[in-house]
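These notes concern the structure reproduced below.
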Amino acid sequence: MTYAINDRCRVCGFCATLCPAGAIVLGKRHYEIDQAKCKGCGMCAARCPRSAILPGERSASQTKQ
149 MTYAINDRCR
159 VCGFCATLCP
169 AGAIVLGKRH
179 YEIDQAKCKG
189 CGMCAARCPR
199 SAILPGERSA
209 SQTKQ
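If you want it as structure tokens, here you go:
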């Protein structure tokens, strides 16, 4: 399953500390998930304090590639 971080992200970095695959990196506007590294565990989505990580979404930067 894919996950993406949306604009509700407030750049707290909590998700990046949780990711066992190191797939969450700081982007231009907020954190982003590197789909090539993401294992789909959902740990980040379950613990995000802003509910900014949702399954099945693609971030704006991913859709522009």
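To convert a position in the sequence shown, counted from 1, into the numbering used here, add 148.
Backbone N, C-alpha and C fix where the C-beta goes; we use that ideal spot for every residue, glycine too.
Here the C-alpha atom of Cys186 lies approximately 20 Å from the C-alpha atom of Arg198.
In the structure shown, the three-state DSSP call for Ala193 is helix.
Taking C-alpha positions only, Thr150 is separated from Leu174 by approximately 18 Å. The beta carbon of Cys192 sits closer than 7 Å to the beta carbons of Tyr151, Cys163, Leu166, Cys167, Ile172 and Ile201 from its chain, once the five residues preceding and following it are set aside; these are given in chain order. Going by DSSP, Ala152 is part of the beta strand (DSSP E) stretching over Tyr151 to Ile153.
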